[in-house]
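Undergrad:
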Amino acid sequence: MDLTDLSVLEALDVMRGGECSSEELTGAYLERIERMDRGLLQAFVTVTPELALQQARAADARRRAGDEAPLLGVPMALKDLVLTRGVRTTCSSRILEQFTPIEDATITEKLYAAGAVLVGKTNMDEFAMGSSTENSGFFPTRNPWGDLTRVPGGSSGGSAAAVAARLATFAIGSDTGGSIRQPAALCGVVGLKPTYGRVSRYGLIAFASSLDQLGPLTIDVADCALVTRVISGHDPLDSTSLAAPVPDYQAQLGADLRGLRIGVPKEYFVAGMETGVEQAVRASLDVFRDLGAELGEVSLPHTDYGLSAYYIIAPAECGANLARYDGVKYGYSAEDAESMWDGYYKTRGRGFGPEVKRRIMLGTYALSSGYYDAFYLKAQKIRTLIKQDFDAAFERFDALVAPVSPTVAFKLGEKIGDPLAMYLSDVCTIPINLAGLPGLSLPCGLSDGLPVGLQVIGKPLDEVTVLRVAYAYEQVSGWRKLRPELPA
Amino acid sequence: MAISREQVEHVAHLARLGLSEEEKDRLQQQLSQILEAMRVIDRVDTSAIPPTAQVIPVQSVMRDDEVRPSSPVEDILLNAPRREGDFIRVPPVLE
Chain V
1 MDLTDLSVLE ALDVMRGGEC SSEELTGAYL ERIERMDRGL LQAFVTVTPE LALQQARAAD
61 ARRRAGDEAP LLGVPMALKD LVLTRGVRTT CSSRILEQFT PIEDATITEK LYAAGAVLVG
121 KTNMDEFAMG SSTENSGFFP TRNPWGDLTR VPGGSSGGSA AAVAARLATF AIGSDTGGSI
181 RQPAALCGVV GLKPTYGRVS RYGLIAFASS LDQLGPLTID VADCALVTRV ISGHDPLDST
241 SLAAPVPDYQ AQLGADLRGL RIGVPKEYFV AGMETGVEQA VRASLDVFRD LGAELGEVSL
301 PHTDYGLSAY YIIAPAECGA NLARYDGVKY GYSAEDAESM WDGYYKTRGR GFGPEVKRRI
361 MLGTYALSSG YYDAFYLKAQ KIRTLIKQDF DAAFERFDAL VAPVSPTVAF KLGEKIGDPL
421 AMYLSDVCTI PINLAGLPGL SLPCGLSDGL PVGLQVIGKP LDEVTVLRVA YAYEQVSGWR
481 KLRPELPA
Chain H
1 MAISREQVEH VAHLARLGLS EEEKDRLQQQ LSQILEAMRV IDRVDTSAIP PTAQVIPVQS
61 VMRDDEVRPS SPVEDILLNA PRREGDFIRV PPVLE
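If you're matching them up, the sequences are chains V and H in order.
Quick note on numbering: the first sequence equals residues 1 to 488 in the working numbering.
Quick note on numbering: the second sequence equals residues 1 to 95 in the working numbering.
This is the structure:
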């Protein structure tokens with residue numbers, strides 16, 4: 001039995017049956033990380049072998065004592081913007097390179113309480129700004145698919161690559177404009193951005209507060225349902241977290257979609273979409289018909305404006321959120337500051353990378369005197385129209401299916417010099433964040449040997465339907481066992 | 001929509017962002033290009049549309065004003081770039 005090929009649910013079965021301990025399972029992952037990560041995939045910024053083995057032994061003790069915690073002993077990876085007490089948390093930024101949190105994020109606490117074991121913190125685009133993980137302040141991550149010359153997507157590229165290459169049983173990412181779904185698509189795994197407010201963001205290093213959301217990256221939909229349940233729910237420390245009860249998502253998965261109305265938004269088949277991507281997504285529609293769903297075309301007429309609205313709103317919010325990096329309380333601080341003001345310029349000028357600077361500049365410009373109405377306010381009004389498009393679509397449909405990304409994984413270096421080309425990677429995922437909806441990516445085929453993602457979009461707080469649709473498709477599609485071929 | 005060098009410097013100043021001459025050149029060109037592309041939203045008539053700042057039906061959340069323990073001073077100072085006793089050391093504020 002290859003321990004590292006197990007899903008979360010399979011690993012739990014194996015451990016419950018006494019076939020292996022968490023210590024053995026965790027050891028197998030740590031050995032694989034040691035062999036395949038540094039110099040090859042580079043999915044991790046920090047690997048935590050000692051903590052992992054200590055947590056694994058504690059999980060084994062809990063199991064012997066009769067504990068049935070939902071993720072007991074399962075090795076996981078956290079995107080390096082989730083606070084972990086005592087474990088360096090960098091946001092893949094030079095400005096936080098030496099930052100060690102003094103407390104855990106709420107999601108970290110919940111996962112630890114559920115028994116999950118931390119094997120490491122994953123690489124990302126600096127401050128989650130990017131679509132390829134090439135904006136990491138440290139090093140790029142390689143997509144395990146193809147010939148290791150392609151990007152894993154981003155910004156949660158390290159988490160997606162880690163799950164695809166089986167360096168962790170599951171991982172956590174964050175999604176502001178597609179940063180869970182797009183890398184999940186490009187690496188051939190399942191990724192869910194839950195409804196805005198579903199998962200507490202206390203201890204998530206903020207990028208754009210009206211859009212950010214945490215979610216799981218997993219090898220299949222059932223794992224996604226399980227992890228989503230563990231991390232969801234209200235948190236008094238995050239006033240934007242929703243009080244709605246958390247359903248047992250797993251219990252509501254089923255093979256049948258009879259009577260379910262699924263809309264296909266025509267604007268999501270954008271100009272410039274690769275033929276192989278469009279073919280794979282369109283082929284999935286027949287599968288949904290076979291499963292008994294009623295399919296219909298739907299129009300979301302303001303889709304074309306989503307990208308522009310997003311690249312005004314998100315940078316504006318990031319400009320405010322990143323004002324805290326002043327070199328005073330924590331993080332990199334210029335040693336040669338002659339005054340407080342000089343210190344700000346030097347610290348921020350040296351600590352932030354090119355994309356972060358670009359976004360701060362864009363956002364500050366859009367909020368500055370004379371441009372606020374034309375850019376920021378206008379973008380917020382476009383946001384209203386995008387939300388209204390979805391509201392109208394969900395009067396006719398229970399869920400929507402669409403592409404995730406217009407392309408499969410592109411080559412390292414291909415788009416990094418052209419910010420606008422990179423921004424287009426998220427054209428099909430951004431509107432879902434603007435409207436605060438749940439969106440899931442799962443594999444729906446290969447194009448030139450590289451994975452294609454299918455996006456399932458639901459009503460606010462209707463993760464149940466999103467997961468049902470994805471699960472039913474996954475059971476019959478045959479893409480669940482998709483694995484990259486990696487050097488031994 | 002062309003952004004001038006002075007605008008780049010003004011915005012960098014507002015954001016307290018130190019930029020090299022090279023970075024200013026590149027940003028002037030890139031911001032002009034990006035903002036031009038963003039102007040597609042001008043095509044939409046939004047005169048009767050209210051703005052959306054966030055999408056959940058949650059207003060300001062209030063809590064009781066209870067005294068609770070805060071993080072220990074030592075913990076908070078753990079990440080301080082420069083400390084002196086129980087204080088964070090900073091460059092001169094007043095010239």
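All residues carry an ideal CB built from backbone N, CA and C; glycine is no exception.
(1) CA-CA distance, Val270/V and Pro406/V?
(2) Mind the definition here: the region 242–249 of chain V touches the region 277–294 of chain V only if three or more C-beta pairs lie below 8 Å; say whether that holds.
(3) For the beta strand (DSSP E) containing Cys444/V, name the first residue and the last one.
(4) Within 7 Å (strictly less), CB to CB, does Gln213/V reach chain H?
(5) Can you find a C-beta in chain V that's less than 7 Å from the C-beta of Val11/H?
(6) Kindly indicate the opening and closing residues of the beta strand (DSSP E) around Ile457/V.
(7) Kindly identify the DSSP beta-bridge partner or partners of Thr218/V.
(8) Quick one: what's Glu355/V bridged to in DSSP?
(9) Quick check: what's the CA-CA separation for Asn433/V versus Ala316/V?
(10) Looking at chain V, which residues of the region 73–89 of chain H have a Cβ within less than 8 Å of any of its Cβ atoms?
(11) Who are the Cβ neighbours of Arg82/H in its own chain at under 6 Å, not counting the five residues just before and after it?
(12) Would you say the region 16–25 of chain H touches the region 472–488 of chain V, given that touching needs at least three Cβ pairs under 8 Å?
(13) Per DSSP, what are the beta-bridge partners of Lys415/V in this structure?
(14) Taking only beta-carbon atoms, is Ala15/H less than 7 Å away from chain V?
(15) Can you find a C-beta in chain V that's less than 7 Å from the C-beta of Met62/H?
(16) From the beta carbon of Val87/V, is the nearest beta carbon of chain H less than 7 Å away?
(17) Cα separation between Asp398/V and Asp212/V?
(18) When DSSP builds the beta bridges, which residues end up paired with Val466/V?
(19) I want to verify the contact list: residues of chain V whose CB lies under 9 Å from the CB of Ala37/H, in sequence order.
(20) Could you spell out the range, first to last residue, of the beta strand (DSSP E) harbouring Ser174/V?
(21) For Ser32/H and Tyr372/V, I'd like the C-alpha separation in whole angstroms.
(22) Would Met124/V pass as a contact of Val356/V if the rule is Cβ separation under 7 Å?
(23) Would you please state the rounded distance, in angstroms, between the beta carbons of Leu260/V and Ala293/V? I believe it to be under 8 Å.
(24) According to the Cβ coordinates, are Gly327/V and Gly343/V closer than 7 Å?
(25) Compute the beta-carbon to beta-carbon distance between Leu83/V and Thr89/V, rounded to the nearest angstrom, for a pair I have assumed lies under 8 Å.
(26) At a CB-CB cut-off below 7 Å, which residues of chain V make contact with Ala2/H?
(27) Considering only DSSP beta bridges, list what Phe87/H is partnered with.
(28) Would you list the residues sitting across from Pro403/V in a DSSP beta bridge?
(29) Quick check for students: name the residue ranges of the alpha helix (DSSP H) that lie wholly in the region 77–117 of chain V, counting only runs of 4 or more.
(30) Strictly below 7 Å CB to CB, what residues from chain B border Val270/V?
(31) What are the residues of the region 38–49 of chain H that lie near chain V, defined by any Cβ-Cβ distance shorter than 7 Å?
(32) How big is the Cα-Cα spacing for Ile33/V and Leu167/V?
TA: Let's see:
(1) Translated into the one-based positions of the first sequence, residue 270/V becomes position 270. Translated into the one-based positions of the first sequence, residue 406/V becomes position 406. Cα to Cα, the separation comes out at about 7 Å.
(2) no
(3) Mapped onto the first sequence, residue 444/V falls at position 444. From DSSP, the beta strand (DSSP E) with Cys444/V extends over 439–447.
(4) For this step, residue 213/V is matched to residue 213 along the first sequence. No, no contact with chain H.
(5) Here residue 11/H refers to the residue found at position 11 of the second sequence. Answer yes: the Cβ-Cβ gap between Val11/H and chain V drops below 7 Å somewhere.
(6) Along the first sequence, read from residue 1 onward, the residue named residue 457/V stands at position 457. 450–458 is the span of the beta strand (DSSP E), which, as asked, contains Ile457/V.
(7) If you number the first sequence from 1, residue 218/V lands on position 218. DSSP lists Val190/V as partners of Thr218/V.
(8) Taking the first sequence and counting its residues from 1, the one referred to as residue 355/V is at position 355. DSSP, once it has assigned bridges, lists no residue as partnering Glu355/V.
(9) Translated into positions along the first sequence, residue 433/V becomes position 433. Translated into positions along the first sequence, residue 316/V becomes position 316. Straight-line Cα distance between these residues: approximately 15 Å.
(10) Asp75, Ile76, Leu78, Asn79, Ala80, Pro81, Arg82, Ile88
(11) The count along the second sequence starts at 1 and reaches residue 82/H at position 82. Only Arg89 meet the Cβ criterion.
(12) no
(13) As a working mapping, residue 415/V is identified with position 415 in the first sequence. Its beta-bridge partners do not exist; DSSP assigns none.
(14) Here residue 15/H refers to the residue found at position 15 when the second sequence is read from its first residue. Answer yes: the Cβ-Cβ gap between Ala15/H and chain V drops below 7 Å somewhere.
(15) Here the question's residue 62/H lines up with position 62 in the second sequence. It does not: the Cβ of Met62/H has no partner Cβ on chain V nearer than 7 Å.
(16) In the first sequence, the residue the question calls residue 87/V occupies position 87. Cβ-Cβ to chain H under 7 Å: no for Val87/V.
(17) On the first sequence, position 398 is the one that residue 398/V refers to. On the first sequence, position 212 is the one that residue 212/V refers to. So the two alpha carbons sit approximately 24 Å from each other.
(18) Along the first sequence, one-based indexing puts residue 466/V at 466. Per DSSP, none; premise fails for Val466/V.
(19) In the second sequence, the residue the question calls residue 37/H occupies position 37. Per Cβ cutoff of 9 Å: Leu307, Ser308, Tyr311, Leu420, Tyr423.
(20) Indexing the first sequence from 1 puts residue 174/V at position 174. 170–174 is the span of the beta strand (DSSP E), which, as asked, contains Ser174/V.
(21) For the purposes of this step, residue 32/H is taken as the residue at position 32 of the second sequence. For the purposes of this step, residue 372/V is taken as the residue at position 372 of the first sequence. Distance between the alpha carbons of Ser32/H and Tyr372/V is about 16 Å.
(22) Position 124 of the first sequence, counted from the first residue, corresponds to residue 124/V. Position 356 of the first sequence, counted from the first residue, corresponds to residue 356/V. Taking 7 Å as the Cβ cut-off, Met124/V and Val356/V do not qualify as a contacting pair.
(23) Within the first sequence, residue 260/V is the residue found at index 260, counting from 1. Within the first sequence, residue 293/V is the residue found at index 293, counting from 1. The Cβ separation is near 5 Å, so the contact holds.
(24) Your numbering for residue 327/V matches position 327 in the first sequence. Your numbering for residue 343/V matches position 343 in the first sequence. Yes, they are a contact pair.
(25) Position 83 of the first sequence holds residue 83/V. Position 89 of the first sequence holds residue 89/V. With a Cβ gap of about 5 Å, Leu83/V and Thr89/V count as contacting.
(26) Here residue 2/H refers to the residue found at position 2 of the second sequence. Per Cβ cutoff of 7 Å: no residues; Ala2/H is ~13 Å from chain V at best.
(27) Reading the second sequence from its first residue, position 87 is the one you call residue 87/H. Note: Phe87/H sits in a beta bridge opposite Glu84/H.
(28) Counted from its first residue, the first sequence places residue 403/V at position 403. DSSP output for Pro403/V lists Leu454/V as bridge partner(s).
(29) 106–113
(30) Looking for chain B here will not work: the only protein chains present are V and H.
(31) Met38, Val40, Ile41, Val44, Thr46, Ile49
(32) Counted from its first residue, the first sequence places residue 33/V at position 33. Counted from its first residue, the first sequence places residue 167/V at position 167. The straight-line gap from Cα to Cα measures roughly 6 Å.
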